[in-house]
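Undergrad: In this note's numbering, the protein residues as written are 12 to 405. The structure's right below; bear with me while I get my questions together.
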Amino acid sequence: MQTDIAIIGAGPVGLAFAQAMQGSGYTVTLVERQPLAALAAPAYDGREIALTHASRRILQELGVWDRIDATQISALRDAQIFNGPSLFALRIDAQLVGVDQLGYFVPNHLIRKALFEAVQQGREQGRGDVHILSESSVKSIATGTHQHTLHLSDGRHLSARLVVAADSRYSETRRMMGIGAAMHDFGRSMMVCRFAHEKPHEHISWQWFDIDQTLALLPLNGLRSNVVLTLPPHALQALLAQDDAAISADITRRFAHRLGAMQKEGPPHIYPMVGVYARRFVGPRYALIGDAAVGMHPITAHGFNFGLQSQHRLATQLWTAKRRNRPLGDEAFLLAYERQHRLATWPLYQATNGIAQLYGDTRLPARLLRDGALRMAQAMQPLRKALARHLTQA
Numbered sequence: 012m013q014t015d016i017a018i019i020g021a022g023p024v025g026l027a028f029a030q031a032m033q034g035s036g037y038t039v040t041l042v043e044r045q046p047l048a049a050l051a052a053p054a055y056d057g058r059e060i061a062l063t064h065a066s067r068r069i070l071q072e073l074g075v076w077d078r079i080d081a082t083q084i085s086a087l088r089d090a091q092i093f094n095g096p097s098l099f100a101l102r103i104d105a106q107l108v109g110v111d112q113l114g115y116f117v118p119n120h121l122i123r124k125a126l127f128e129a130v131q132q133g134r135e136q137g138r139g140d141v142h143i144l145s146e147s148s149v150k151s152i153a154t155g156t157h158q159h160t161l162h163l164s165d166g167r168h169l170s171a172r173l174v175v176a177a178d179s180r181y182s183e184t185r186r187m188m189g190i191g192a193a194m195h196d197f198g199r200s201m202m203v204c205r206f207a208h209e210k211p212h213e214h215i216s217w218q219w220f221d222i223d224q225t226l227a228l229l230p231l232n233g234l235r236s237n238v239v240l241t242l243p244p245h246a247l248q249a250l251l252a253q254d255d256a257a258i259s260a261d262i263t264r265r266f267a268h269r270l271g272a273m274q275k276e277g278p279p280h281i282y283p284m285v286g287v288y289a290r291r292f293v294g295p296r297y298a299l300i301g302d303a304a305v306g307m308h309p310i311t312a313h314g315f316n317f318g319l320q321s322q323h324r325l326a327t328q329l330w331t332a333k334r335r336n337r338p339l340g341d342e343a344f345l346l347a348y349e350r351q352h353r354l355a356t357w358p359l360y361q362a363t364n365g366i367a368q369l370y371g372d373t374r375l376p377a378r379l380l381r382d383g384a385l386r387m388a389q390a391m392q393p394l395r396k397a398l399a400r401h402l403t404q405a
């Protein structure tokens with residue numbers, strides 16, 4: 012089989028990139044482990060994605076935003092950061108940058124569903140030439156000067172002039188292409204689960220760095236929120252071994268009854284806390300996007316936003332190269348993508364790892380330093396304004 016662009020992984024970033032290349036004249040083939048039925052109707056995975064205004068614009072340009080059920084989109088008005096048992100909070104207000112809200116919370120599975128529908132409709136209407144090889148994975152890659160050949164798990168071979176890896180932060184194809192990555196295992200896992208509560212959240216998100224745990228509250232519509240609890244894996248396992256009533260009581264206690272009684276809704280989902288940053292984002296006729304390039308710590312709430320930006324930057328470079336009559340996979344344009352994406356992500360990746368280590372330190376000096384830093388930041392409006400601008404990307 013022959014294609015112009017092979018995308019490894021039909022997750023949200025891989026699908027977004029395929030959609031971005033519709034109408035380019037290039038044939039695009041997605042290689043995905045899951046069956047088509049799972050792509051068409053993704054299962055709920057517990058994740059609520061914090062989308063910036065910039066990400067919303069990208070999804071609008073891709074014809075995806077309006078496909079998402081508006082009743083499932085929740086406003087992120089403001090954000091608060093707490094440290095320990097203190098009621099003092101660093102507050103980041105949307106109005107600091109002249110907008111009504113910092114962003115939006117959207118269920119991950121609905122984003123994936125909307126992207127798949129957009130890709131399928133584009134193909135059906137003849138706007139692009141996108142194919143999906145489902146229930147298949149890449150076993151090995153034979154590299155060449157003018158194209159690479161993917162040896163697939165079903166025995167087929169797929170040759171492509173450009174290979175784009177979007178197969179998670181644990182990317183197997185990244186390793187096959189000889190690109191290393193810096194991986195930081197934080198030794199913790201996070202539980203995400205929806206809870207109903209008695210008191211209103213006023214669409215304000217919470218990030219609460221408590222002793223021996225980190226809590227986040229992602230406000231949803233009504234008296235509901237997505238709770239993110241970060242603990243050592245064994246502590247999470249002990250918590251989830253209890254029944255729903257005990258888990259609800261435990262989470263209510265962890266939030267110090269600030270939202271009244273909290274009631275578990277739906278199943279919890281567990282994810283390991285691992286940060287990843289690829290040594291390179293591109294190679295000869297090869298590029299990394301999404302978590303395969305940069306897998307952020309969840310504390311940033313920017314993982315998907317960076318992934319969406321990565322595919323947008325790469326697609327923009329490929330479209331520019333085509334308009335200038337340059338060949339697909341031209342090294343200069345791939346390197347331009349790498350420079351842009353590294354500049355946008357490296358500083359925050361490094362800062363995030365430092366913050367995660369500081370706020371994971373339970374010793375008294377570190378706790379005092381955290382409290383002092385929050386109070387100082389609250390008193391510095393230019394800093395809070397910069398944080399708001401970063402969160403909104405308005």
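We treat Cβ as the ideally placed atom computed from N, Cα and C, and that holds for glycine.
Let me know the beta strand (DSSP E) ranges lying completely inside the region 34 to 118, each 3 residues or longer, listed in chain order.
TA: The region 34 to 118 contains these whole beta strand (DSSP E) runs: 38 to 42, 59 to 62, 85 to 87, 89 to 94, 100 to 104 and 114 to 118.
Undergrad: Are there 16 or more other CB atoms within 10 angstroms of the CB of G301, so buried, or fewer, so exposed?
TA: On the sequence shown, residue 301 is found 290 positions in, with the first residue counted as 1. So G301 counts as buried.
Undergrad: Any idea what DSSP makes of Y181, helix, strand or coil?
TA: In the sequence shown, the residue the question calls residue 181 occupies position 170. DSSP places Y181 in coil when its eight states are reduced to three.
Undergrad: Check the C-beta distance from A289 over to R185 and give it rounded, since I have them as a contact under 8 Å.
TA: Taking the first residue of the sequence shown as 1, we reach residue 289 at position 278. Taking the first residue of the sequence shown as 1, we reach residue 185 at position 174. With a Cβ gap of about 6 Å, A289 and R185 count as contacting.
Undergrad: Please determine, among W76, E349, G133 and E146, the residue with the shortest C-alpha to C-alpha distance to V455.
TA: Residue 455 cannot be examined here, being either before or after the span of the chain that is shown, 12 to 405.
Undergrad: Can you give me the Cβ contacts of I69 inside the same chain, cut-off strictly under 6 Å, excluding the 5 residues immediately before and after it?
TA: The residue you call residue 69 lines up with position 58 of the sequence shown. So the list reads L319 and H323, once near-sequence residues are dropped.
Undergrad: On the criterion of 16 or more Cβ atoms from any shown chain inside 10 Å, does G20 qualify as buried, or is it exposed?
TA: Translated into positions along the sequence shown, residue 20 becomes position 9. Buried.
Undergrad: Alpha carbon to alpha carbon, what distance is there between R172 and T14?
TA: In the sequence shown, residue 14 corresponds to position 3, counting from 1. In the sequence shown, residue 172 corresponds to position 161, counting from 1. Roughly 7 Å separates the two Cα atoms.
Undergrad: Would DSSP call N232 helix, strand or coil?
TA: On the sequence shown, residue 232 is found 221 positions in, with the first residue counted as 1. Coil at N232, not helix or strand.
Undergrad: Can you tell me which residues form a DSSP beta bridge with S216?
TA: Here the question's residue 216 lines up with position 205 in the sequence shown. Answer is A90.
Undergrad: CA-CA distance, Y297 and H308?
TA: Taking the sequence shown and counting its residues from 1, one reaches residue 297 at position 286. Taking the sequence shown and counting its residues from 1, one reaches residue 308 at position 297. Spanning the two alpha carbons is a distance of roughly 25 Å.
Undergrad: Please name the residue in R337, N336 and G306 whose C-alpha comes closest to that of R353.
TA: Looking up residue 353 in the sequence shown gives position 342. Comparing Cα-Cα distances from R353 to each of R337, N336 and G306, the minimum goes to G306.
Undergrad: At the level of alpha carbons, what is the spacing between V287 and L250?
TA: By one-based count along the sequence shown, residue 287 stands at place 276. By one-based count along the sequence shown, residue 250 stands at place 239. Their Cα atoms are separated by approximately 28 Å.
Undergrad: Are the beta-carbon atoms belonging to G114 and L144 less than 8 Å from one another?
TA: For the purposes of this step, residue 114 is taken as the residue at position 103 of the sequence shown. For the purposes of this step, residue 144 is taken as the residue at position 133 of the sequence shown. No, Cβ-Cβ distance for G114 and L144 is not below 8 Å.
Undergrad: With a 10 Å radius around its C-beta and 16 neighbouring C-beta atoms as the bar for buried, classify Q158 as buried or exposed.
TA: Counting from 1 along the sequence shown, the entry for residue 158 is found at position 147. With 16 or more other Cβ atoms within 10 Å, it is buried.
Undergrad: Using the C-alpha atoms, what's the distance from A257 back to N237?
TA: One-based indexing of the sequence shown puts residue 237 at position 226. One-based indexing of the sequence shown puts residue 257 at position 246. Approximately 18 Å between the Cα atoms of the pair.
Undergrad: Please give me, in chain order, every unbroken run of the beta strand (DSSP E) with length at least 3 that falls completely inside the region 265 to 339.
TA: Segments of the beta strand (DSSP E) lying fully in the region 265 to 339: 273 to 289 and 297 to 299.
Undergrad: How would you call T82, buried or exposed, if buried means at least 16 neighbouring beta carbons within 10 angstroms?
TA: As a working mapping, residue 82 is identified with position 71 in the sequence shown. Label assigned to T82: exposed.
Undergrad: Leaving out five residues before and five after L247 in sequence, what residues of the same chain have Cβ atoms less than 7 Å from its Cβ?
TA: Position 236 of the sequence shown, counted from the start, is the residue given in the question as residue 247. For L247, where only same-chain residues beyond five positions count, the Cβ hits under 7 Å are S200, M202 and I281.
Undergrad: Going along the chain, which residues of its own chain have a beta-carbon closer than 6 Å to the beta-carbon of V141, five neighbours each way excluded?
TA: Translated into positions along the sequence shown, residue 141 becomes position 130. Excluding positions up to five away in sequence, the list reads A29, V39, V130 and R134.
Undergrad: Excluding the 5 residues flanking D255 on each side, which residues of the same chain have their C-beta closer than 6 Å to its C-beta?
TA: On the sequence shown, position 244 is the one that residue 255 refers to. Excluding positions up to five away in sequence, the list reads K275.
Undergrad: Using the Cβ count rule (16 or more neighbours within 10 Å means buried), how would you classify W219?
TA: What you label residue 219 is simply residue 208 of the sequence shown in a count that begins at 1. Buried is the call here.
Undergrad: Return the CA-CA distance between Y181 and I190, expressed in angstroms with no decimal places.
TA: For this step, residue 181 is matched to residue 170 along the sequence shown. For this step, residue 190 is matched to residue 179 along the sequence shown. Cα to Cα, Y181 sits roughly 12 Å from I190.
Undergrad: Find the nearest neighbour of E43 within the set K124, G25 and R334, judged by alpha-carbon distance.
TA: Working through the sequence shown from its first residue, we reach residue 43 at position 32. Taking only the C-alpha atoms, the option nearest E43 is G25.
Undergrad: Hey, D196 and V285 are a contact pair by Cβ (cut 8 Å); roughly how many whole angstroms apart?
TA: Here residue 196 is taken as the residue at index 185 of the sequence shown, counted from 1. Here residue 285 is taken as the residue at index 274 of the sequence shown, counted from 1. The Cβ separation is near 5 Å, so the contact holds.
Undergrad: So, are the CB atoms of L339 and Y37 less than 8 Å apart?
TA: Sequence index remark: in the sequence shown, residue 339 carries index 328 (1-based). Sequence index remark: in the sequence shown, residue 37 carries index 26 (1-based). Closer than 8 Å, so yes.
Undergrad: Go ahead and pull the three-state DSSP assignment for G133.
TA: Position 122 of the sequence shown, counted from the start, is the residue given in the question as residue 133. G133: helix per DSSP, three-state reduction.
Undergrad: Might you give, ordered along the chain, the residues of its own chain that have their beta carbon closer than 6 Å to the beta carbon of A272, omitting 5 neighbours on each side?
TA: Here residue 272 refers to the residue found at position 261 of the sequence shown. Only E209 and T263 meet the Cβ criterion.
Undergrad: How is S147 classed by DSSP in three states: helix, strand or coil?
TA: Locating residue 147 in the sequence shown gives position 136, where the first residue counts as 1. Looking at S147 - three-state DSSP - the assignment turns out to be coil, as it is neither helix nor strand.
Undergrad: Going by Cα to Cα distance, which pick from Q33, I84, R350 and R291 is closest to A176?
TA: Looking up residue 176 in the sequence shown gives position 165. Looking at the Cα atoms, R291 is the closest of the given residues.
Undergrad: My guess is that Y360 and V293 are in contact by the Cβ rule of under 8 Å, so how many angstroms apart are they, rounded?
TA: The residue you call residue 360 lines up with position 349 of the sequence shown. The residue you call residue 293 lines up with position 282 of the sequence shown. Y360 to V293, Cβ: 18 Å. No contact.
Undergrad: Can you find the residues in the same chain that come closer than 6 Å, C-beta to C-beta, to V239, ignoring five residues on each side of it along the sequence?
TA: Locating residue 239 in the sequence shown gives position 228, where the first residue counts as 1. M201, V203 and A227, listed in sequence order.
Undergrad: Just confirm the distance between the C-beta atoms of R167 and R205, as a whole number of angstroms; I'd bet it's less than 8 Å.
TA: Residue mapping note: residue 167 aligns to position 156 of the sequence shown, counting from 1. Residue mapping note: residue 205 aligns to position 194 of the sequence shown, counting from 1. Not really, about 41 Å apart at Cβ, beyond 8 Å.
Undergrad: Could you pull out every residue in the same chain whose Cβ sits closer than 6 Å to the Cβ of N232, ignoring the five residues on either side in sequence?
TA: Counting from 1 along the sequence shown, the entry for residue 232 is found at position 221. Contacts found: S85.
Undergrad: By how many angstroms is the C-alpha of V149 removed from the C-alpha of P230?
TA: Indexing the sequence shown from 1 puts residue 230 at position 219. Indexing the sequence shown from 1 puts residue 149 at position 138. Distance between the alpha carbons of P230 and V149: 39 Å.
Undergrad: What does L242 pair with, by DSSP beta-bridge criteria?
TA: Locating residue 242 in the sequence shown gives position 231, where the first residue counts as 1. Answer is S200.
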